[in-house]
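Asks:
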Amino acid sequence: MVREVSGPLNAMVETNPSSSLHPAIEDVRPDRAFARRFRRRTGLDLVTVIERILAEADLRPGDRVLDIASSDATLALQMVARVHPGQVTCLCPIGEILGEAYEQARAAGLEESIDWRIAAIEELPFPDQTFDVLTCSSSFRLLDGRAFIAEAHRVLSSGGRLLIAESTIPHTRLNEWRLAWRAFYHQYVRKDQAEAAAEFYSVDELAEMLVDAGFQPVVIRGLQRPWTVHSWIFSLIKAIKP
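Per the numbering used here, residue -12 is the first one in the sequence shown, and the count goes up by one each step.
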(Lines of atoms letter the chains of each structure in order from A and count residues from 1; the text may use other names and numbers.)
(Lines give C-alpha, C1' and ligand atoms only; values in the text may rest on other atoms or scores of the structure.)
Protein backbone atom coordinates (compact mmCIF):
# COMPACT_ATOMS: atom_id res chain seq x y z
CA MET A 1 0.00 0.00 0.00
CA VAL A 2 1.31 3.43 -0.95
CA ARG A 3 -0.39 6.73 -0.20
CA GLU A 4 0.66 10.34 -0.58
CA VAL A 5 0.94 12.02 2.80
CA SER A 6 0.09 15.57 1.81
CA GLY A 7 -0.26 17.63 -1.35
CA PRO A 8 2.83 19.84 -1.68
CA LEU A 9 5.12 17.51 0.25
CA ASN A 10 6.77 14.87 -1.90
CA ALA A 11 6.35 12.19 0.77
CA MET A 12 4.74 8.76 0.82
CA VAL A 13 3.94 5.99 3.28
CA GLU A 14 4.03 2.33 2.27
CA THR A 15 4.47 -1.15 3.73
CA ASN A 16 6.92 -4.03 3.13
CA PRO A 17 9.92 -5.34 0.85
CA SER A 18 13.24 -6.95 1.88
CA SER A 19 16.97 -7.56 1.23
CA SER A 20 19.57 -9.85 2.81
CA LEU A 21 22.64 -9.48 4.98
CA HIS A 22 25.99 -9.44 3.20
CA PRO A 23 27.38 -13.00 2.86
CA ALA A 24 30.92 -11.80 3.66
CA ILE A 25 29.87 -10.95 7.22
CA GLU A 26 26.61 -12.87 7.54
CA ASP A 27 27.76 -14.22 10.91
CA VAL A 28 27.69 -10.68 12.37
CA ARG A 29 24.39 -10.47 14.23
CA PRO A 30 22.91 -7.91 16.63
CA ASP A 31 23.62 -8.08 20.34
CA ARG A 32 20.86 -10.28 21.78
CA ALA A 33 19.94 -7.94 24.63
CA PHE A 34 19.75 -4.99 22.24
CA ALA A 35 17.62 -7.00 19.79
CA ARG A 36 15.23 -8.00 22.60
CA ARG A 37 14.84 -4.39 23.72
CA PHE A 38 14.21 -3.35 20.14
CA ARG A 39 11.51 -6.00 19.70
CA ARG A 40 9.83 -4.98 22.97
CA ARG A 41 9.77 -1.34 21.89
CA THR A 42 8.75 -1.82 18.26
CA GLY A 43 7.34 -5.33 17.89
CA LEU A 44 9.79 -5.91 15.01
CA ASP A 45 12.77 -8.15 14.35
CA LEU A 46 15.96 -6.05 14.34
CA VAL A 47 17.69 -8.04 11.58
CA THR A 48 14.68 -7.54 9.30
CA VAL A 49 14.76 -3.78 9.92
CA ILE A 50 18.53 -3.65 9.25
CA GLU A 51 17.98 -5.51 5.98
CA ARG A 52 15.37 -2.95 4.96
CA ILE A 53 17.64 0.00 5.81
CA LEU A 54 20.45 -1.55 3.76
CA ALA A 55 18.12 -2.02 0.79
CA GLU A 56 16.86 1.56 0.91
CA ALA A 57 20.33 3.09 1.43
CA ASP A 58 21.33 2.15 -2.13
CA LEU A 59 24.94 1.72 -1.01
CA ARG A 60 27.68 1.76 -3.63
CA PRO A 61 31.42 0.95 -3.54
CA GLY A 62 33.30 4.09 -2.53
CA ASP A 63 30.40 5.67 -0.63
CA ARG A 64 31.21 7.71 2.48
CA VAL A 65 28.75 6.79 5.23
CA LEU A 66 27.98 8.38 8.60
CA ASP A 67 26.07 6.15 11.02
CA ILE A 68 24.60 7.71 14.16
CA ALA A 69 25.59 4.85 16.41
CA SER A 70 23.52 2.91 18.89
CA SER A 71 25.08 0.35 21.22
CA ASP A 72 24.75 -2.21 18.40
CA ALA A 73 27.15 -2.00 15.45
CA THR A 74 25.46 -4.50 13.12
CA LEU A 75 24.19 -1.89 10.65
CA ALA A 76 27.58 -0.16 10.44
CA LEU A 77 29.42 -3.46 9.96
CA GLN A 78 27.05 -4.52 7.20
CA MET A 79 27.62 -1.18 5.46
CA VAL A 80 31.41 -1.62 5.62
CA ALA A 81 31.17 -4.65 3.32
CA ARG A 82 29.00 -2.80 0.82
CA VAL A 83 30.91 0.49 0.45
CA HIS A 84 34.51 -0.84 0.38
CA PRO A 85 36.83 0.91 -0.49
CA GLY A 86 34.67 3.71 0.92
CA GLN A 87 34.51 4.72 4.58
CA VAL A 88 31.99 4.17 7.38
CA THR A 89 32.08 6.55 10.35
CA CYS A 90 30.20 5.77 13.57
CA LEU A 91 29.37 8.78 15.72
CA CYS A 92 27.72 8.97 19.14
CA PRO A 93 27.77 11.66 21.85
CA ILE A 94 28.02 9.06 24.63
CA GLY A 95 31.33 7.24 24.93
CA GLU A 96 29.86 4.27 26.82
CA ILE A 97 27.33 3.56 24.06
CA LEU A 98 29.93 3.93 21.33
CA GLY A 99 32.21 1.64 23.34
CA GLU A 100 29.62 -1.15 23.25
CA ALA A 101 29.38 -0.87 19.47
CA TYR A 102 33.19 -0.83 19.22
CA GLU A 103 33.47 -4.03 21.28
CA GLN A 104 30.99 -5.77 19.00
CA ALA A 105 33.07 -4.73 15.98
CA ARG A 106 36.28 -5.84 17.73
CA ALA A 107 34.78 -9.26 18.44
CA ALA A 108 34.18 -9.60 14.70
CA GLY A 109 37.73 -8.40 13.94
CA LEU A 110 36.38 -5.38 12.06
CA GLU A 111 36.99 -2.50 14.45
CA GLU A 112 39.69 -1.00 12.21
CA SER A 113 37.21 -0.83 9.32
CA ILE A 114 35.21 1.95 11.00
CA ASP A 115 36.13 5.50 12.00
CA TRP A 116 34.82 5.93 15.58
CA ARG A 117 33.86 9.44 16.76
CA ILE A 118 32.42 10.91 19.97
CA ALA A 119 30.71 14.24 19.26
CA ALA A 120 27.45 16.17 19.57
CA ILE A 121 24.99 14.97 16.95
CA GLU A 122 23.29 18.35 16.59
CA GLU A 123 26.68 19.92 15.66
CA LEU A 124 28.39 17.35 13.48
CA PRO A 125 32.19 17.86 13.38
CA PHE A 126 32.54 17.48 9.62
CA PRO A 127 32.87 19.88 6.66
CA ASP A 128 29.95 20.47 4.31
CA GLN A 129 29.20 17.67 1.82
CA THR A 130 31.40 15.08 3.54
CA PHE A 131 29.08 12.05 3.23
CA ASP A 132 27.00 10.24 0.61
CA VAL A 133 24.79 8.39 3.11
CA LEU A 134 23.71 9.18 6.68
CA THR A 135 21.82 6.63 8.80
CA CYS A 136 20.08 7.13 12.13
CA SER A 137 18.46 3.93 13.35
CA SER A 138 16.29 3.99 16.47
CA SER A 139 17.73 7.09 18.14
CA PHE A 140 16.03 9.98 16.32
CA ARG A 141 13.50 10.40 19.15
CA LEU A 142 16.40 11.23 21.51
CA LEU A 143 17.73 14.09 19.36
CA ASP A 144 16.81 17.68 18.64
CA GLY A 145 15.04 16.65 15.44
CA ARG A 146 15.19 19.91 13.50
CA ALA A 147 18.82 20.60 14.43
CA PHE A 148 19.86 17.08 13.44
CA ILE A 149 18.03 17.24 10.10
CA ALA A 150 19.66 20.60 9.31
CA GLU A 151 23.11 19.17 10.10
CA ALA A 152 22.39 16.05 8.07
CA HIS A 153 21.53 18.22 5.07
CA ARG A 154 24.75 20.21 5.54
CA VAL A 155 27.14 17.24 5.69
CA LEU A 156 25.51 15.25 2.87
CA SER A 157 26.72 15.68 -0.70
CA SER A 158 24.35 16.43 -3.57
CA GLY A 159 22.30 13.28 -4.15
CA GLY A 160 23.10 12.11 -0.61
CA ARG A 161 20.64 9.84 1.18
CA LEU A 162 19.40 10.33 4.75
CA LEU A 163 17.75 7.29 6.36
CA ILE A 164 15.96 7.48 9.71
CA ALA A 165 14.29 4.48 11.36
CA GLU A 166 11.91 5.52 14.13
CA SER A 167 8.31 5.31 15.33
CA THR A 168 5.82 7.76 13.86
CA ILE A 169 2.86 8.65 16.06
CA PRO A 170 -0.44 10.22 14.93
CA HIS A 171 -1.59 13.20 16.98
CA THR A 172 -4.67 11.97 18.85
CA ARG A 173 -5.89 12.59 22.37
CA LEU A 174 -5.20 8.97 23.31
CA ASN A 175 -1.62 9.23 22.06
CA GLU A 176 -1.09 12.45 24.03
CA TRP A 177 -2.00 10.48 27.16
CA ARG A 178 0.20 7.54 26.15
CA LEU A 179 3.20 9.81 25.54
CA ALA A 180 2.69 11.56 28.88
CA TRP A 181 2.55 8.19 30.65
CA ARG A 182 5.67 7.01 28.77
CA ALA A 183 7.60 10.11 29.87
CA PHE A 184 6.47 9.64 33.49
CA TYR A 185 7.45 5.96 33.47
CA HIS A 186 10.94 6.57 32.08
CA GLN A 187 11.62 9.52 34.37
CA TYR A 188 10.40 8.13 37.68
CA VAL A 189 10.45 4.33 37.28
CA ARG A 190 13.28 3.60 34.84
CA LYS A 191 15.26 6.75 35.81
CA ASP A 192 16.10 7.20 32.13
CA GLN A 193 16.12 10.94 31.48
CA ALA A 194 16.93 10.59 27.79
CA GLU A 195 13.87 8.42 27.10
CA ALA A 196 11.73 10.60 29.37
CA ALA A 197 12.55 13.57 27.13
CA ALA A 198 12.08 11.64 23.85
CA GLU A 199 10.24 13.47 21.06
CA PHE A 200 8.01 11.60 18.62
CA TYR A 201 6.55 13.02 15.41
CA SER A 202 3.69 12.31 13.07
CA VAL A 203 4.33 11.41 9.42
CA ASP A 204 3.25 14.88 8.29
CA GLU A 205 5.52 16.60 10.83
CA LEU A 206 8.55 14.58 9.74
CA ALA A 207 7.87 15.18 6.06
CA GLU A 208 7.48 18.92 6.65
CA MET A 209 10.70 19.12 8.72
CA LEU A 210 12.69 17.34 6.02
CA VAL A 211 11.29 19.37 3.13
CA ASP A 212 11.83 22.61 5.06
CA ALA A 213 15.49 21.61 5.53
CA GLY A 214 15.90 21.21 1.77
CA PHE A 215 15.38 17.46 1.24
CA GLN A 216 13.38 16.34 -1.80
CA PRO A 217 11.96 13.78 -2.34
CA VAL A 218 10.99 12.42 1.07
CA VAL A 219 9.56 8.89 1.36
CA ILE A 220 8.19 7.46 4.62
CA ARG A 221 7.55 3.72 4.68
CA GLY A 222 5.58 2.17 7.53
CA LEU A 223 7.13 -1.17 8.51
CA GLN A 224 3.97 -2.22 10.35
CA ARG A 225 0.30 -2.23 9.41
CA PRO A 226 -1.74 0.33 11.39
CA TRP A 227 -4.66 -1.28 13.22
CA THR A 228 -6.31 1.94 14.41
CA VAL A 229 -5.97 5.70 13.89
CA HIS A 230 -3.93 5.72 17.13
CA SER A 231 -1.34 3.13 16.01
CA TRP A 232 2.35 3.87 16.57
CA ILE A 233 4.11 2.75 13.39
CA PHE A 234 7.82 2.02 13.25
CA SER A 235 8.81 3.65 9.98
CA LEU A 236 11.73 4.04 7.62
CA ILE A 237 12.20 7.59 6.41
CA LYS A 238 14.34 8.21 3.32
CA ALA A 239 15.18 11.75 2.21
CA ILE A 240 17.38 12.86 -0.69
CA LYS A 241 19.48 16.02 -0.81
CA PRO A 242 19.03 17.48 -4.33
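Backbone N, C-alpha and C define an ideal beta-carbon position, used for all residues, glycine too.
Can you tell me whether Y172 is buried or exposed, with buried defined as 16 or more other CB within 10 angstroms of its CB?
Replies: The residue is exposed, with fewer than 16 neighbouring Cβ atoms inside 10 Å.
Asks: Would you mind reading off the limits of the beta strand (DSSP E) that contains I81?
Replies: Note, I81: premise wrong, no beta strand (DSSP E); not H, not E.
Asks: Using only the alpha-carbon positions, how far apart do T61 and P17 sit?
Replies: Going by C-alpha positions, T61 is about 6 Å away from P17.
Asks: Apart from the five residues on each side of it in sequence, which residues of its chain come closer than 6 Å, Cβ to Cβ, to I232?
Replies: The structure shown does not extend to residue 232, since the chain is modelled only from -12 through 229, so no value can be given for it.
Asks: How big is the Cα-Cα spacing for A92 and E98?
Replies: 5 Å
Asks: Among residues of its own chain, excluding the 5 on either side of D131, which ones have a beta-carbon nearer than 7 Å to its beta-carbon?
Replies: E109
Asks: From T215, I207, A139 and N162, pick the residue whose C-alpha is nearest to that of A200; which is it?
Replies: A139
Asks: What does DSSP give as the partner residues of V120 in its beta bridges?
Replies: V52 and R148
Asks: According to the neighbour-count rule (16 or more other Cβ atoms, all chains shown, within 10 Å of its Cβ), is Q180 buried or exposed?
Replies: exposed
Asks: For A137, which residues from the same chain have a beta carbon less than 8 Å from its beta carbon, with the 5 sequence-adjacent residues on both sides left out?
Replies: A200
Asks: Given that a residue counts as buried once 16 or more other Cβ atoms are within 10 Å of its Cβ, and exposed if not, what is L161?
Replies: exposed
Asks: Is the beta carbon of R28 sitting closer than 7 Å to the one on L46?
Replies: No, the pair does not count as a contact, with Cβ atoms beyond the cut-off.
Asks: For A226, which of I207, A88, V216 and H217 has the nearest alpha-carbon?
Replies: I207
Asks: Per DSSP, what are the beta-bridge partners of E153 in this structure?
Replies: S222
Asks: Using the three-state DSSP reduction, which class does D102 fall into: helix, strand or coil?
Replies: strand
Asks: I'd like to check one pair, E153 with F118: are the Cβ atoms closer than 7 Å?
Replies: no
Asks: Need the endpoints of the alpha helix (DSSP H) that R141 sits in, please.
Replies: G132 to V142
Asks: If I measure Cβ to Cβ from D32 and keep anything under 7 Å in the same chain, skipping five residues before and after, which residues do I get?
Replies: R26
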